[in-house]
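Remarks on the structure that follows.
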Amino acid sequence: MKGYFSRVYQLVSSIPYGKVATYGQIAALLGDPRGARTVGWALHSNPDAGRVPCHRVVNRKGELSGGFAFGGVERQRSLLEEEGVHFLPDGRADLERDLWRPG
DNA sequence: GGACTGACACTGG
DNA sequence: ACCAGTGCCAGTC
């Protein structure tokens, strides 16, 4: 797998149970605060579902990819709720509450 | 090797 | 605060 890819997968896989992270944050942790797109794209191009908990990765709004991944946003929300991630009435994950904060 | 694409993020109005 | 436009990086064709 490509270097950047591997790094993204490893970092996403590093997200603790019941936590969610944003693409920008992952990109920043990789050293590229501008690589948010690349991060999300990496998960899109290679959705290693089962190895990488891409369902714990959300955009800066706390929303999911859209509905073509994981089999549906509903699936996404259920998984996160099962892990203990709280959701807002807007349908977005409560980043203020369950955003992954390394350090 | 060049150009286009893409699960985002930020700035400006 | 919200909508629209631009920038970014890496991969694929």
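Residue numbers for the first sequence follow my numbering, beginning at 66 and rising by one.
All C-beta atoms in this analysis are idealised placements derived from N, C-alpha and C, irrespective of residue type, glycine included.
On the DSSP bridge list, what partners appear for residue i?
i     : result
THR87 : VAL123
Please classify residue i: is it buried, with 16 or more other beta-carbons within 10 angstroms of its beta-carbon, or exposed?
i      : result
GLN141 : buried
LEU108 : buried
LEU76  : buried
TYR74  : buried
SER110 : exposed
SER130 : buried
The alpha helix (DSSP H) that contains residue i, what's its start and end?
i      : result
GLY105 : 101 to 110
SER71  : 68 to 78
Open item on the list: Does the contact criterion of 3 or more C-beta pairs under 8 Å hold for the stretch 153 to 162 versus the stretch 93 to 100?
Closed with: Because the criterion of three Cβ pairs below 8 Å is not met, the stretch 153 to 162 and the stretch 93 to 100 do not touch.
TODO: Please specify which runs of the alpha helix (DSSP H), each continuous and at least 4 residues long, are wholly inside the stretch 124 to 167, giving them in chain order.
DONE: The DSSP assignment places 138 to 148, 160 to 163 as complete runs of the alpha helix (DSSP H) inside the stretch 124 to 167, in order along the chain (cut-off: 4 residues).
Task: Meets three-Cβ-pair contact criterion under 8 Å: the stretch 114 to 127 and the stretch 85 to 93 - done: Per the Cβ contact rule, the stretch 114 to 127 is in contact with the stretch 85 to 93 (3 or more Cβ pairs under 8 Å).
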